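Read through the structure below, which is laid out as structure tokens, and then see the notes.
In my numbering, the protein residues as written are 2 to 419.
Structural data, given as structure tokens:
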């Protein structure tokens, strides 16, 4: 009898044990005091300090993502596009107009701890959509002035919306350097970055990416380098506000030309080297110099014996359709190369487009044939490519309709010859 009794007790204890370990009653050991973590998806690392592209989609597809986090029972999730919260919860499902967006997801716990991931979302237009590309610095604009947007299918655009303000005073212009629309910037636009919406005759809205509005005297191009004793032209916005420049310890108050978008001086007689440039406006404010890292009030300028053939900020991608001005760089005519002596060195200064997944540069003739002695280069950061202008190279440029920079994912910033 005792034996049966002990057997029953043992079976009862085992029953309790199996019940306690049942998969039907899971429990979490995580608490609100735990450090929040994003377990999935895995976000790529930054590339040379630039945010990674975390999605590359067409504008007819939604941006979707599902997050797995811990401690799951004690967190809130916030999804942000361009710094604005667009959704909460573990899943994101949103439609965006064409353009490049700053993406961020923030995971916070009840105890106030948080973590985040961020990146760039590239939303591409459809082939028939109106779309505005970036050719140079035309997206940095001043209130009350005339501005441009280059791109594709812009003849369909009947109005533009910037910061909630509708602009109907627009003109479509066809040009060999690329078709564009010209518009009047509203005088009451606030300073900062604003998204552009392109509206067609049917009222459909399309993304046009971002413009930056500034009331400051801002030099955007021409201040990187110059030649001694030569005319020095700098371009930008609100440059008619400039009263004086200080360069290499010399004050300059007389200008060859001065308009809202251009200022020209004679560079002082200086040896090759680097010198500081600053300036003041008529109301005593510092003039500003644009860079990819933001505006500064002091610029380091290189005085060099090299001749600048072209300077600007021209995007290049062979993924763009034929006829798009940014499919290639073709802004130096073959007549310029006809004046160059064999043995000279061509220097192409470029910068990587942070929103693109890869970066390649080739130098070719107008027929897209590689120039002799050159090949494609791949890169992930800003740099400079040298091309030895042998007689064979110069002959090929003349025989095959000129000189091109082709490839994908970069800007041509300056080309010099030495």
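Cβ atoms here follow ideal geometry from the backbone N, Cα and C, with glycine treated the same way. Everything numeric in this text was worked out from a predicted model, so none of it was measured.
**Within 7 Å, strictly: CB atoms of residue 122 and residue 116** = no
**Request:** Note down the Cα distance separating residue 385 from residue 351, rounded to an integer number of angstroms.
**Result:** Those two C-alpha atoms are separated by around 6 Å.
**Prompt:** If you compare alpha carbons, which of 208, 178, 286, 268 is closest to residue 328?
**Reply:** When each option's Cα is compared against that of residue 328, the closest is 178.
**Asked** Does the beta-carbon distance from residue 120 to residue 55 come in below 7 Å?
**Response** yes
**Request:** Might you give, ordered along the chain, the residues of its own chain that have their beta carbon closer than 6 Å to the beta carbon of residue 235, omitting 5 neighbours on each side?
**Result:** 220, 223, 224, 264
**Asked** Just to check, is the beta-carbon of residue 193 closer than 6 Å to a non-hydrogen atom of the ligand HEM?
**Response** Among the components of this structure there are no ligands whatsoever, and the ligand HEM is therefore not found.
**Message:** If you follow the beta strand (DSSP E) that residue 353 is in, where does it begin and where does it stop?
**Reply:** For residue 353, the enclosing beta strand (DSSP E) has its first and last residue at 345-353.
**Asked** Between the region 135-149 and the region 185-193, do three or more beta carbon pairs fall short of 8 Å?
**Response** yes
**Message:** Taking its Cβ as the centre, do 16 or more other Cβ atoms sit within 10 Å of residue 400, making it buried, or is it exposed?
**Reply:** Counting the other Cβ atoms within 10 Å of the Cβ of residue 400 gives fewer than 16, which makes it exposed.
**Prompt:** Can the beta-carbon of residue 299 be found less than 7 Å from the beta-carbon of residue 348?
**Reply:** No.
**Request:** Starting from the C-beta of residue 254, find all residues in its chain whose C-beta is less than 6 Å away, skip the five residues before and the five after it, and write them out in chain order.
**Result:** Its chain contains 245 as the residues whose beta carbon lies nearer than 6 Å to that of residue 254, once the 5 sequence neighbours on both sides are disregarded; these appear in chain order.
**Rounded C-alpha distance that separates residue 375 from residue 322** = 25 Å
**Expected contact under 8 Å - CB spacing of residue 331 and residue 403 to nearest Å** = Contact flag correct, Cβ pair sits at about 7 Å.
**Cβ pair count under 8 Å reaching 3, the region 151-164 against the region 291-305** = no
**Request:** Rounded to whole angstroms, what's the CA-CA distance from residue 359 to residue 49? Just pull it up for me.
**Result:** 13 Å
**Prompt:** Do you know offhand how far residue 232's Cα is from residue 306's?
**Reply:** Cα to Cα, the separation comes out at about 13 Å.
**Message:** Using CA atoms only, rank isn't needed, just tell me which of 285, 243, 286, 382 is closest to residue 47.
**Reply:** 382
**Request:** Following the continuous beta strand (DSSP E) through residue 357, name the residue where it begins and the one where it ends.
**Result:** Note, residue 357: premise wrong, no beta strand (DSSP E); not H, not E.
**Asked** How should residue 398 be labelled, buried or exposed, when 16 other C-beta atoms within 10 angstroms of its C-beta is the threshold for buried?
**Response** Buried.
**Request:** Take residue 226 and list the residues in its own chain whose beta-carbon comes closer than 6 Å to its own, dropping the five residues that flank it on each side.
**Result:** 303, 305
**Message:** Taking the alpha carbon of residue 311 as the reference point, which residue from 218, 414, 240 has its own alpha carbon closest?
**Reply:** 414
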